[in-house]
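These protein sequence lines are chains A and B, in that order. If you're matching positions, the first sequence starts at 1 in the UniProt record's numbering and goes up one per residue. If you're matching positions, the second sequence starts at 1 in the UniProt record's numbering and goes up one per residue.
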Amino acid sequence: MIGQGNEKEKGRMTRLRCYRQFILFILSCISLGASERISSKTYVIVSGNVACIRRLNGTHQVGCSSEINGNVGVLHYINDTDSLNWLINSGPHQPYVALLTSLNFNRDTVQQLRNSKKITGIIVIHTDDSATTPLPDSFSPADKCPGDLYGLYHNNQEYGNCKKVTWNEDGNGMFFEDFEFPISIVTNKNETDYLINNCYLKFNQPTQGVPREYPLCAVQMKSRMAAAKDSETCIRRTNTPTNLNPDKYCDALGDKNVIGFFKDVPEDYKPEKKSIILAMARMDSYSLFENIYPSADNQVSGIVALLAAAEALRKYKDHFDNTTKDILFTFLNGEAFDYIGSTRMLYDMDKGALPLKLKMDHIDRIVEVNQLAYREGGKIWIHADPVSRNDPNISSEINDMISTILDIGKNLSDIVGAVDQTQPLPPASTQKFLQKTLVPALVLTDHKKTFTNKYYNSRFDLAKTISAMVNASDNGYNHVTDQASNLTVAATLLARSLYTLATGSPAPEGLMAEQQSVTHMLYCFLISPNCDLFKQVIPPAREAFDDLASQKSPYPFYVSVYGQINNVTRIIQRLLTHYIGTVEKNHTESCTSSEKASLQLYNYLWMAGPLNSDNKTRTVTCVKSRVTQTKAYSPAFEITDYNGWGGFQYSTWTESSWATNALLLRVFLIPSKAMEVGLLCTDVHFVRGSNPDFGFHGADLFSEQKGRHLVCPPQTKQSLREPSSASQDSGAVIMTMFQINLYQ
Amino acid sequence: MTVMEFFGCTFIAFGPPFALFVFTIARDPLRIIVLIASGFFWLLSLLVSSILWYAVVPLREQLVFGLVFSVLFQEAFRFLFYKLLRKADDGLQKVSQTGQEMHMTPRDITNKHIMAYVSGLGFGILSGAFSTVNVLADMVGPGTIGIYGDSKYFFVATAFLTLSFILLHTFWGVIFFNGLDKKQYYMVALVVGSHMLLSCLTLLNQRTSSRDSPLYLASILPAYVMTVIMGVLAYYIAGGSLANVRSCFPCGNARKYEID
């Protein structure tokens, strides 16, 4: 049996081989393809997308969030009023996702789209190319009166609520709205082209007003935010563990302030009353979209001017002794979110938690630098607080300060002017300090009345908007732009003013800010941090260098979540140390690589150092300075059982957290409902059709006795009947289930 | 909401096989065991063809290579299962005779076509499952195929093709086992040859440079034609006849009673 089988099998195998050769020959004519996963043929993932995220404060939630599994809508490109009206009035395939250009993404359009109740998401085009992303005349998502609720004039009848001056005229308040759908921007030009050409124009564009047929091109936007309602609720939810893997719903905003005392002092130094001048600037801003915080005017211009002034003053440090006042350079963080940094600093002052147990009595006067890039009439404007002028002492000191600065300004091509005395202070950290104690305070800005910055706290506050960028592909690092030379003059003004205010004598002629430093700082802060200046001040470790080299875009000027590393804070601390500190050659044992918050008199910091003559290696330096960092974290999150969430005492801002895969944008086709339903009906009929409930005696098909007439037996053997009855029941169940599904 | 597409395609592909399972196999434990065993043998054939595909690295991108050998391995394992089943005849008979309360009719063993049908169905169900499950899994998302220019009938075509292959495997089982029993080796060759031909026709479902969209009909029509032909052939092999077909439908007029 087996032997015979082998022969027969051999025969079969040879025949098979013949067949196989024949078929392979035919097939060689057919071209071959690779096999792919179906999802790669269905979805196009847009990777250059940045979402609008959700933040919360004590009473509200603001920002955007999508549904858990994302929002799916048919893409519609709106570049003029016709397409907008078509969507609102005639579009039948709702829900839509609106693709807007930078010119028509404004409050009006968004409100119209919201009211139509036809959209489930908005995508905005925001590329580097100015042809696809033209600059609108103005765009500011901040409100018209920023910081008023937490400011000095909160309940003031005369100056509160922007009665005298509306600071941010162009503010549309979109940052503080709660959107029920996601909004994203797409930053890659290839992807925006794909969305417009391969998705909208190819499948969705109506032909002369007539809507297209299915299949249509749709977009899924996923940006699911975990937090909801307000900060108090989500902090409580985060702190209430319900399982062994607790979820974090939101995180408080906060970071560190950078402060640096200028004067060299002996070890037993204790500051006297009214012996310190506070020179302040803020370090952060916000915008509608995550990680897009360029902040060129507000506030890189102020930071650069203050740092350059500090560098200029360094040469004359020996003029400062125990007869002169000290200067405390202060860079506050979180100011854009209801003054987190300044509030915390004042709170720490009360608790004696600052270095030298600094208190408000030690502060003699305040000079704050605000936005400096769009100088109105080419001048920098001095603002003072009218409320503190009620005190005649303070009033005369303010007048002295103003005249000092005006005099200095006359020597510097008349770069300074003073605003009307009855005008209140613009939004500035000074307001919080004056809330505590009235001292003579000035704020220097580029606007005389309302903001000259049309893009306050928005994604358009860029280097090229403030003319700090050259179109050269590389080596704008050393190129002195208009903005750089103007800011240098501003820094010189600032340095000389601080000198005179601190020492009481006129500033020497040689006291001038370095134009190179200003140029380099503008480049490093606004264009690319991978620059020589930053390479000098970072820690000497290899990782720090590699980290810097891998940065493709400027550091975002955003306070971010407390506990997360904020590169802006770190680099400003190092720059300040570099500019006002002294290189320590001998006693380097106390030198550290990481910036810490310390209460010591002097701090020692390792830096990578300047390039050697071989242009490859650097000399590691240890710098001694009185620069340190302090907490910029709202006391509301530290006080147990805090119940001031609805009040205006401490900032209550938090940022929602989201899952790692919660941000997604992808493009695909969707079939018509008719086709889907048709498909479902077909299959239901298949199931039903295989279900013989018409008395179909399937078992008879294979009866071996061919001659018999087995026709309509009413009572045949059970084994033949049972399957049919069982099938009738199951079939009925299946039918009802799918009829329910069908009519949902 | 292509969840609807998902359910639609699932039940197009698996509706009739599911019905076949429910009516002819579910009530009989022995048949279920043989069904699952034959499914397992199909999985083994898939394993062997995967190993071959993985081992031959340069030809990984060429679908034809993998496809041809997969068909051959499937038929080889069908043959192995046939051998196993025939050897196990004695044991099955003993198992089926124990316990009066079970619905075990010895007819399952004496009528060789029943086990051939069950094994063919097992092969078919597993083969259908593996060819559609990953397509179905990707169907559940919000989108349907087409943005790269593929045909929008992809899912429907897949479902119909899967159904035809499941039924074909069932019929091939009957014909194959019968051919080996009666030593009519041209039957066996017919099964292998038609399997190979149809599988290779499905290669036309890929997009080529000369065509914009694939010719689904070029593979679906022959597949269904072949299904009908094989079905009729299997029916006759298993002992059916035209008279039996007529006797299945309830008569409109006079009822005739049968006396056995």
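We treat Cβ as the ideally placed atom computed from N, Cα and C, and that holds for glycine.
Is the Cβ-Cβ distance between ASP385 of chain A and LEU434 of chain A less than 7 Å?
yes
Could you tell me the distance, in whole angstroms, from the CA atom of SER241 of chain B to the CA atom of TYR235 of chain B?
In a straight line, the C-alpha of SER241 of chain B is about 8 Å away from that of TYR235 of chain B.
Is PRO386 of chain A helix, strand or coil by DSSP?
coil
If you measure from the beta carbon of PRO29 of chain B to each beta carbon in chain A, is any gap under 7 Å?
It does not: the Cβ of PRO29 of chain B has no partner Cβ on chain A nearer than 7 Å.
Do you know offhand how far ILE572 of chain A's Cα is from MET345 of chain A's?
18 Å
In angstroms with no decimal places, state the Cα-to-Cα distance between THR488 of chain A and ASP137 of chain A.
28 Å
Based on the DSSP secondary-structure assignment, which residues constitute the bridge partners of ASN245 of chain A?
According to DSSP, residue pairing for ASN245 of chain A in a beta bridge does not occur.
Tell me which residues of the segment 146-171 of chain B have at least one Cβ-Cβ distance to chain A shorter than 7 Å, keeping chain order.
Near chain A, meaning a CB-to-CB distance below 7 Å, the residues of the segment 146-171 of chain B are GLY146, ILE147, TYR148, ASP150, LYS152, VAL156.
Should THR144 of chain B be flagged as near chain A, meaning a C-beta pair shorter than 7 Å?
Cβ-Cβ to chain A under 7 Å: yes for THR144 of chain B.
Can you tell me where the beta strand (DSSP E) holding TYR96 of chain A begins and where it ends?
96-100
Just curious, the alpha helix (DSSP H) that HIS520 of chain A is in, first and last residue?
515-526
What are the start and end residues of the beta strand (DSSP E) that includes residue 810 of chain A?
What the structure shows of chain A is the stretch from 1 to 744, and residue 810 of chain A is not part of that stretch, so it cannot be assessed.
What does the Cβ neighbour count give for TYR54 of chain B, buried or exposed, with the cut at 16 atoms within 10 Å?
exposed
Euclidean distance between Cα positions of LEU149 of chain A and ASN155 of chain A:
8 Å
Is ASN411 of chain A near the ligand ATP - that is, is its Cβ less than 6 Å away from at least one heavy atom of it?
Looking at this structure, you won't find the ligand ATP or any other ligand, since it has none at all.
Using beta carbons (cut-off 7 Å, strictly below), is VAL518 of chain A in contact with chain B?
no
For ASN134 of chain B, which residues in chain A fall below 8 Å Cβ to Cβ?
Contact of ASN134 of chain B with chain A by beta-carbon distance below 8 Å involves ARG37, ILE38.
Exposed or buried, PHE130 of chain B, counting other C-beta atoms within 10 Å across all chains shown (16 or more means buried)?
exposed
For GLY122 of chain B, does the three-state DSSP call read helix, strand or coil?
Residue state, collapsed to three classes: helix.
Return the residues of the segment 666-678 of chain A that lie within a Cβ-Cβ distance of less than 9 Å from chain B, sorted by chain order.
ARG666, VAL667, PHE668, LEU669, ILE670, PRO671, LYS673, MET675, GLU676, VAL677, GLY678
Ignore the nearest five residues each way along the sequence and tell me which others in ASP482 of chain A's own chain have a CB closer than 7 Å to its CB.
SER467
Which partner residues does HIS76 of chain A have in the DSSP bridge list?
A:ALA98
Using a C-beta to C-beta distance shorter than 8 Å, which residues of chain A count as neighbours of THR2 of chain B?
Within 8 Å Cβ-Cβ: ILE670, PRO671, GLU676.
Alpha-carbon to alpha-carbon, LEU92 of chain B and VAL228 of chain B:
32 Å
Say whether chain A places a C-beta atom closer than 7 Å to the C-beta of GLY8 of chain B.
Using beta-carbon distances, GLY8 of chain B counts as an interface residue toward chain A, with a partner under 7 Å.
Listed from N- to C-terminal order along the chain, which residues in the segment 45-77 of chain A have their beta-carbon within a distance smaller than 7 Å of any beta-carbon of chain B?
Those would be VAL72, in chain order.
Quick check: what's the CA-CA separation for LEU493 of chain A versus TYR499 of chain A?
10 Å
Which residues DSSP lists as bridging ASP326 of chain A, in chain order
The partner list for ASP326 of chain A (beta bridge, DSSP) reads A:ILE276.
Starting from LEU216 of chain A, follow the beta strand (DSSP E) in both directions and report where the run begins and ends.
Start and end: 216-223.
Euclidean distance between Cα positions of PHE73 of chain B and ILE51 of chain B:
One C-alpha to the other measures close to 11 Å.
Assign PHE160 of chain B to one of three DSSP states: helix, strand, or coil.
helix
Report the CB separation of residue 761 of chain A from ILE53 of chain A in whole angstroms; it is logged as a contact under 8 Å.
For chain A, the structure presents residues 1 to 744; residue 761 of chain A sits outside this window and is missing.
What is the rounded straight-line gap between the Cα of PRO440 of chain A and the Cα of ALA662 of chain A?
50 Å
Cα separation between ALA544 of chain A and GLN299 of chain A?
25 Å
Taking a contact to mean a Cβ-Cβ separation below 7 Å, would you say LYS41 of chain A touches TYR148 of chain B in this structure?
yes
Below 6 Å CB to CB, which residues in the same chain sit around ALA252 of chain A once its five sequence neighbours on both sides are set aside?
Result list for ALA252 of chain A: TYR562, PHE637, THR654, in chain order.
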